[in-house]
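Participant:
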Amino acid sequence: MVVNSIQKSIQKVLVVGSGLMGHGIGQTFALGGYQVTLNDLDEERLQRALDGIRRNLSLFSEEGLVTPGDAEAALGRIKLDVDLPRAAREVDLVVEATFEDLEGKRGVLRRLGELCPPRTLLASNTSGLSVNAMAPATGRADRFVVAHFWNPPHLIPLVEVVRGDNTAESTIQTMVAVLRSIGKVPVVVQKDVLGFVGNRLQYALFREALALVQNGVCTAEDVDTVVKMSFGRRLTTAGPLETADINGTDLFYSISQYLFPDLDASRVPHPFFKQLIEKGYVGVKVGKGFRDWPGGLADEIRQRRDRELIRWLKVDQESTRNE
Ligand SMILES: NC(=O)c1ccc[n+]([C@@H]2O[C@H](COP(=O)([O-])OP(=O)(O)OC[C@H]3O[C@@H](n4cnc5c(N)ncnc54)[C@H](O)[C@@H]3O)[C@@H](O)[C@H]2O)c1
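Read in order, the letters of the sequence shown are residues 9 to 331 in this note's numbering.
#1: Compute the Euclidean distance between the alpha carbons of R188 and P248, then round it to the nearest angstrom.
#2: Roughly how many angstroms lie between the CA atoms of G60 and D314, to the nearest whole one?
#3: I need the straight-line Cα distance from P297 to A81, nearest angstrom please.
#4: If I measure Cβ to Cβ from S274 and keep anything under 7 Å in the same chain, skipping five residues before and after, which residues do I get?
#5: Using three-state DSSP, classify D253 as helix, strand or coil.
#6: Candidates P126, A95 and L317: which alpha carbon is nearest G25's?
#7: Would you say E108 touches ligand 1, meaning its beta carbon is less than 7 Å from a heavy atom?
#8: Does the distance between the C-beta of D48 and the nearest non-hydrogen atom of ligand 1 fall short of 7 Å?
#9: Applying the 10 Å Cβ sphere with the 16-neighbour rule, what's the burial state of E104?
#10: Helix or strand or just coil, what does DSSP make of P161?
#11: How about T244 and H162: are their beta carbons less than 8 Å apart?
#12: Hey, which unbroken runs of the alpha helix (DSSP H) at 4 residues or more fall wholly within the region 85-147?
#13: Can L28 be considered in contact with ligand 1, in the sense that its beta carbon sits closer than 7 Å to one or more heavy atoms?
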């Protein structure tokens with residue numbers, strides 16, 4: 009499956025940090041035909057990552073997304089290695105997926121820069137940290153890029169490839185080619201902006217959602233209902249700018265003229281959000297956040313979400329087959 013000449017330079021992939029994101033990223037590369045090593049802080053975490061991959065792959069084969077043989081072959085391409093110097097020795101591409109902490113990431117990237125062969129490309133899966141702020145630590149800013157996979161990385165097609173000031177064009181091209189070869193849809197982000205494209209859009213929506221609740225316009229539950237039952241359903245087929253074209257850019261322009269000045273422009277999180285955090289209502293892990301989370305509900309929602317995402321992957325597979 010690893011086909012063209014750009015990709016031939018990439019055969020072995022190391023994923024550093026095999027948590028929620030790292031194990032799905034490793035699985036995706038293995039299914040795409042690459043030799044994958046997963047690295048983490050201890051054996052137990054690595055074993056958990058492999059168990060997660062086994063579960064995902066058996067769901068993939070139950071759903072007919074892959075054959076049982078392909079799933080087995082992908083598992084056979086995955087190695088676990090807690091020893092970073094050994095894991096980094098022969099590798100062509102590293103995806104760093106450790107905690108979202110700039111200093112921590114700089115430390116990991118510095119070590120990788122020292123341990124990996126000079127040819128190796130380094131990529132960070134940060135959710136939105138600056139690529140330029142991390143690049144100097146690698147000692148190879150020309151071969152460093154952000155590759156932002158979305159959660160769950162084995163089910164969401166998009167990967168944002170973020171160009172730093174010193175990223176070489178060949179690094180971007182290779183990353184894009186490799187991502188395409190594993191069935192991903194890469195989008196190159198041309199400037200180093202915090203949050204890239206996706207999280208900037210997501211947080212613009214989040215800020216307005218908070219303001220609506222803060223100002224008593226509706227409840228938190230109502231915000232979620234409005235999104236899920238309206239434009240949320242359309243967004244999988246037509247993006248916000250396509251929707252403007254479909255409905256008429258002139259209409260969107262008139263609405264923008266009166267609505268933009270009225271939209272929330274807070275530069276700090278809203279008071280009720282801060283109070284929620286101070287009360288310890290940090291979401292599913294404690295059973296309460298913007299809403300209550302009785303036992304089992306979050307898992308039910310995650311399962312429903314994954315089933316929907318799998319359905320979309322099947323639609324994508326079908327349309328690729330028909331092209
Ligand atoms: N969770 C999401 O929805 C999401 C989405 C996109 C991107 N990201 C980004 O992906 C990265 C990982 O997030 P996650 O949600 O998988 O976190 P996580 O906590 O589930 O996993 C992080 C893993 O990194 C390991 N780790 C930490 N330091 C390490 C080191 N020095 N060497 C090796 N392993 C180390 C941890 O043990 C852990 O297993 C973060 O930068 C995050 O912002 C997360």
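We put the beta carbon where it would ideally sit given N, CA and C, even for glycine.
Facilitator: Quick look at the numbers:
#1: For this step, residue 188 is matched to residue 180 along the sequence shown. For this step, residue 248 is matched to residue 240 along the sequence shown. Using only the alpha carbons, I get a separation of about 24 Å.
#2: Looking up residue 60 in the sequence shown gives position 52. Looking up residue 314 in the sequence shown gives position 306. One C-alpha to the other measures close to 14 Å.
#3: One-based indexing of the sequence shown puts residue 297 at position 289. One-based indexing of the sequence shown puts residue 81 at position 73. Position check: residue 297 holds Gly in this sequence, whereas Pro was assumed. In a straight line, the C-alpha of G297 is about 41 Å away from that of A81.
#4: Here residue 274 is taken as the residue at index 266 of the sequence shown, counted from 1. Closer than 7 Å at Cβ, skipping near neighbours: R215 and A219.
#5: As a working note, residue 253 is residue 245 in the sequence shown. Reduced to three states, the DSSP call for D253 is helix.
#6: Start at 1 with the first residue of the sequence shown, and residue 25 comes out as number 17. It is A95 whose Cα lies nearest to the Cα of G25.
#7: Sequence index remark: in the sequence shown, residue 108 carries index 100 (1-based). Answer for E108: yes, Cβ within range of ligand 1.
#8: The residue labelled residue 48 in the question sits at position 40 within the sequence shown. Yes, ligand 1 has a heavy atom inside 7 Å of this Cβ.
#9: Your numbering for residue 104 matches position 96 in the sequence shown. By the neighbour-count rule (16 or more Cβ atoms within 10 Å), E104 is buried.
#10: Walking along the sequence shown from the start, residue 161 turns up at place 153. Residue state, collapsed to three classes: coil.
#11: Taking the sequence shown and counting its residues from 1, one reaches residue 244 at position 236. Taking the sequence shown and counting its residues from 1, one reaches residue 162 at position 154. In this structure, H162 does not lie closer than 8 Å to T244 by Cβ.
#12: 92-96, 110-123 and 139-146
#13: As a first step, residue 28 must be located in the sequence shown, where it is residue number 20. L28 Cβ: within cutoff of ligand 1.
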